[in-house]
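Inspection log for the structure reproduced underneath, given as structure tokens.
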Amino acid sequence: MIRIDSVRKSFGSQVVLAGVDLEVTTGETVAVLGRSGSGKSVLLKQVARLLRPDSGVIFVGDVKMSHADKPTVMRARGSMGYVFQFAALFDSLTIGENVALPLRRGGISGDGARTRVMEVLETVGLPDQAEHYPAELSGGMRKRAGIARAVVARPSYLLYDEPTTGLDPVTTAVIDELMLQMKRDLRATSILVTHDIQSAFRVADRVALLHAGRIRFAGTPDDVRGSDDPLVRAFVEGRQELWPPDSV
Amino acid sequence: MVSGSVRIVERCFLLAGRRDELYCHGMGMDSAVAWVGHATLDGVARIGRAAAFTGAVARALLDLRTWVPQAAAQVRRIGVDSVPVALFIAVFTGIVLALQSSYTFTGVVPLYFVGVLVAKSIMLELGPVLTGLVLSGRVGANIAAEIGTMRVTEQIDALEMLAYEPVSYLVVPRVAAGIIAFPIVTALALVAGIGAGWLTSVNLLDLSTQEFIRGVRMFYEPFDLRYPLIKAASFGAVVTTVGSLYGFYAQRGAEGVGIAATRAVVVGAMLILVLDAFWAVVLL
Numbered sequence: 000m001i002r003i004d005s006v007r008k009s010f011g012s013q014v015v016l017a018g019v020d021l022e023v024t025t026g027e028t029v030a031v032l033g034r035s036g037s038g039k040s041v042l043l044k045q046v047a048r049l050l051r052p053d054s055g056v057i058f059v060g061d062v063k064m065s066h067a068d069k070p071t072v073m074r075a076r077g078s079m080g081y082v083f084q085f086a087a088l089f090d091s092l093t094i095g096e097n098v099a100l101p102l103r104r105g106g107i108s109g110d111g112a113r114t115r116v117m118e119v120l121e122t123v124g125l126p127d128q129a130e131h132y133p134a135e136l137s138g139g140m141r142k143r144a145g146i147a148r149a150v151v152a153r154p155s156y157l158l159y160d161e162p163t164t165g166l167d168p169v170t171t172a173v174i175d176e177l178m179l180q181m182k183r184d185l186r187a188t189s190i191l192v193t194h195d196i197q198s199a200f201r202v203a204d205r206v207a208l209l210h211a212g213r214i215r216f217a218g219t220p221d222d223v224r225g226s227d228d229p230l231v232r233a234f235v236e237g238r239q240e241l242w243p244p245d246s247v
Numbered sequence: 000m001v002s003g004s005v006r007i008v009e010r011c012f013l014l015a016g017r018r019d020e021l022y023c024h025g026m027g028m029d030s031a032v033a034w035v036g037h038a039t040l041d042g043v044a045r046i047g048r049a050a051a052f053t054g055a056v057a058r059a060l061l062d063l064r065t066w067v068p069q070a071a072a073q074v075r076r077i078g079v080d081s082v083p084v085a086l087f088i089a090v091f092t093g094i095v096l097a098l099q100s101s102y103t104f105t106g107v108v109p110l111y112f113v114g115v116l117v118a119k120s121i122m123l124e125l126g127p128v129l130t131g132l133v134l135s136g137r138v139g140a141n142i143a144a145e146i147g148t149m150r151v152t153e154q155i156d157a158l159e160m161l162a163y164e165p166v167s168y169l170v171v172p173r174v175a176a177g178i179i180a181f182p183i184v185t186a187l188a189l190v191a192g193i194g195a196g197w198l199t200s201v202n203l204l205d206l207s208t209q210e211f212i213r214g215v216r217m218f219y220e221p222f223d224l225r226y227p228l229i230k231a232a233s234f235g236a237v238v239t240t241v242g243s244l245y246g247f248y249a250q251r252g253a254e255g256v257g258i259a260a261t262r263a264v265v266v267g268a269m270l271i272l273v274l275d276a277f278w279a280v281v282l283l
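Protein sequences appear in the order of chains L and W.
Mind the numbering: the first sequence is residues 0 to 247 in numbering that gives the first Met the number 0, read in order.
Mind the numbering: the second sequence is residues 0 to 283 in numbering that gives the first Met the number 0, read in order.
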């Protein structure tokens, strides 16, 4: 379970999150939707404690991530996988070495690690890329490698930060299918941050809409489609009159 | 009187280059005071951040399991790869020193004093300082750019998510490699510089090998060898720490990485000169 209570975050005078409440039950996938710059990634980074909230509480399982000391946070991260927006693969390591890192950190090496790395690379469709460097791969392949690294240690929690941004529709569908497969295989509790509403509908059990620093709406994809809220309707239909640039 | 002060403040801003022209025109004393306040807070925050970072590096030294496996590769990158440029500088310094000292001494001081001047100058000052300055450019900029790129592409966040302490994994191996490699490169530079001075003296000046060696040995103390190595180790620590610091806090994409690399070189070079004076006061 991931629980976010009244989380606020500002950068200087700019208020990004003005009191976010959200709960993700065990095994559930929740997509957080919102315009670019609405604070979705900031929220996700706070769940992982890459950023600290100004106020409010975040629980990941039993760990109070927002207030835990560093060793506790480091331990908790061992049960989390994070897929970064631009994959964030280490340039100086091959794809195989990148994917093996979480295993190495967990004390798994040798044949056991190699077998698991190849198994995961097979799953994401990159079985022949283990010896290549990230710079030699396309954007979509790098994102798949990023997913492989995030899931290789079988985490209980998965955090996806804009995994389909900048990809063509076919590659987006491949990434969506991968996320669904991870959901089936790992039964992880997941948060998917995206502005791609189709991707959210395909992958998520529930969808939360972030607007003006708060969760404006949360419900199943069908709830979103049937919502009367003019802001939700405008977002779904891609109309900008209720989502002017200065509203985020 | 007040308008005169405002003009002075405006001029200060322009000289400091910290505010654009718009900010300087028509500014009152209130905003001038605010600027001084912001600049002071900013300066204190920078010092605090540097101190906290240095403390984190010191604490991370205990995390041997993380940094020791990375250190050997860094010694090669920082040390071995820097040898050619360090030797190049040292050789030409030795040649010029021999020729200039001969020019200065002719007719007044016995020529074997060329050996004294070449050896003492290179060992005590020019060898470690010039090597440090060259490596500050090469190593400091490289580290700032590399770690800065990792910061802006979220690779450092990724390290944290993999439960690696970024300071242990990225910074400490580089600092340790700097402390080890700078003295080694400097020692080679000393040999090359004095060797070049000797070859120049024998071939271009009216000086024999015996006379040159007599000069080198005349005022030699074993401390003359320890002193440049101590300095070089401290330069290595400073250059790598400053490069890592600026890289670690780089922001705003490619522009931020460029700024980090530039600042790493400038601040690293300045600190080398400050440290040089410090060691002269403390050890000589």
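Heads up, the beta-carbon is just placed ideally off N, CA and C, and yes, glycines get one too.
{"Asked": "Counted within 10 angstroms of its Cβ, other Cβ atoms place Leu179/L as buried (16 or more) or exposed", "Found": "exposed"}
{"Asked": "Exposure of His210/L, with buried meaning 16 or more beta-carbon neighbours within 10 Å", "Found": "buried"}
{"Asked": "Environment of Phe211/W [buried if 16+ CB atoms lie within 10 Å]", "Found": "buried"}
{"Asked": "Where Arg143/L meets chain W, residues with beta-carbon distance less than 8 Å", "Found": "Per Cβ cutoff of 8 Å: no residues; Arg143/L is ~15 Å from chain W at best."}
{"Asked": "Extent of the continuous alpha helix (DSSP H) to which Glu145/W belongs", "Found": "140-151"}
{"Asked": "Whole-angstrom C-beta distance between Ala263/W and Ile142/W, which should lie under 8 Å", "Found": "7 Å"}
{"Asked": "Proximity below 8 Å, CB of Ile57/L to CB of Val6/L", "Found": "yes"}
{"Asked": "Beta bridge counterpart(s) of Lys63/L as assigned by DSSP", "Found": "Phe58/L"}
{"Asked": "Residue-level contact to chain L via CB, Tyr245/W, 8 Å cutoff", "Found": "no"}
{"Asked": "Delimiting residues of the beta strand (DSSP E) encompassing Asp4/L", "Found": "1-10"}
{"Asked": "Same chain, Cβ closer than 7 Å to Ala187/L, neighbours up to 5 away in sequence not counted", "Found": "Pro154, Ser155, Tyr156, Leu157, Met181"}
{"Asked": "Separation of Glu121/L from Ala144/L, as counted between CA atoms", "Found": "10 Å"}
{"Asked": "Buried versus exposed, by CB contacts within 10 Å (16 or more), Leu272/W", "Found": "exposed"}
{"Asked": "Euclidean distance between Cα positions of Met64/L and Leu191/L", "Found": "18 Å"}
{"Asked": "C-beta neighbour in chain L for Tyr163/W, strict 8 Å", "Found": "yes"}
{"Asked": "Span of the alpha helix (DSSP H) around Thr208/W", "Found": "208-217"}
{"Asked": "Rounded Cβ spacing between Ala152/L and Gly105/L (contact assumed at less than 8 Å)", "Found": "6 Å"}
{"Asked": "Contact set between the stretch 114-131 of chain L and chain W, restricted to residues whose Cβ is under 7 Å from the partner", "Found": "none"}
{"Asked": "Cβ-Cβ distance between Ala253/W and Phe181/W below 8 Å", "Found": "no"}
{"Asked": "Same chain, Cβ closer than 8 Å to Ala203/L, five either side skipped, listed in chain order", "Found": "Thr28, Val29, Ala30, Leu191, Pro220"}
{"Asked": "Ordered list of beta strand (DSSP E) runs contained in the stretch 110-190 of chain L, each at least 3 residues", "Found": "156-160"}
{"Asked": "Inter-residue spacing [alpha-carbon to alpha-carbon] between Val290/W and Ser12/L", "Found": "As shown, chain W starts at 0 and ends at 283. That puts residue 290/W outside it, with no answer to give."}
{"Asked": "Under 7 Å from the C-beta of Asp275/W: neighbouring residues of chain L", "Found": "Those within 7 Å of Asp275/W in chain L number zero; the least Cβ separation is about 33 Å."}
{"Asked": "Beta-carbon separation (whole angstroms), Asp195/L vs Thr171/L, contact threshold 8 Å", "Found": "7 Å"}
{"Asked": "Anticipated Cβ contact below 8 Å, Leu50/L with Val41/L, distance rounded", "Found": "6 Å"}
{"Asked": "DSSP-derived helix/strand/coil call for Ala87/L", "Found": "coil"}
{"Asked": "Through-space distance from Val82/L to Arg48/L, alpha-carbon basis", "Found": "15 Å"}
{"Asked": "For Ala186/W, three-class secondary structure by DSSP", "Found": "helix"}
{"Asked": "Closest by C-alpha distance to Ser81/W, when choosing among Ala186/W, Ala55/W, Gly257/W, Leu116/W", "Found": "Ala186/W"}
{"Asked": "Alpha helix (DSSP H) segment containing Tyr226/W, residue limits", "Found": "222-247"}
{"Asked": "Gln69/W - DSSP class collapsed to helix/strand/coil", "Found": "helix"}
{"Asked": "Contacts of Gly77/L in chain W (Cβ-Cβ under 7 Å)", "Found": "Ala162"}
{"Asked": "Cβ contact (3+ pairs, closer than 8 Å) linking the stretch 91-102 of chain L and the stretch 129-137 of chain L", "Found": "yes"}
{"Asked": "Uninterrupted beta strand (DSSP E) stretches inside the stretch 198-227 of chain L (no shorter than 3 residues)", "Found": "205-210, 213-218"}
{"Asked": "Beta-carbon neighbours of Gln154/W, restricted to chain L and to distances below 8 Å", "Found": "Ala87, Leu88, Phe89, Asp90"}
{"Asked": "C-beta neighbour in chain W for Ala101/L, strict 8 Å", "Found": "The sequence given here places Pro at residue 101/L; Ala does not occur at that position. Closer than 8 Å to some Cβ of chain W, the Cβ of Pro101/L qualifies, so yes."}
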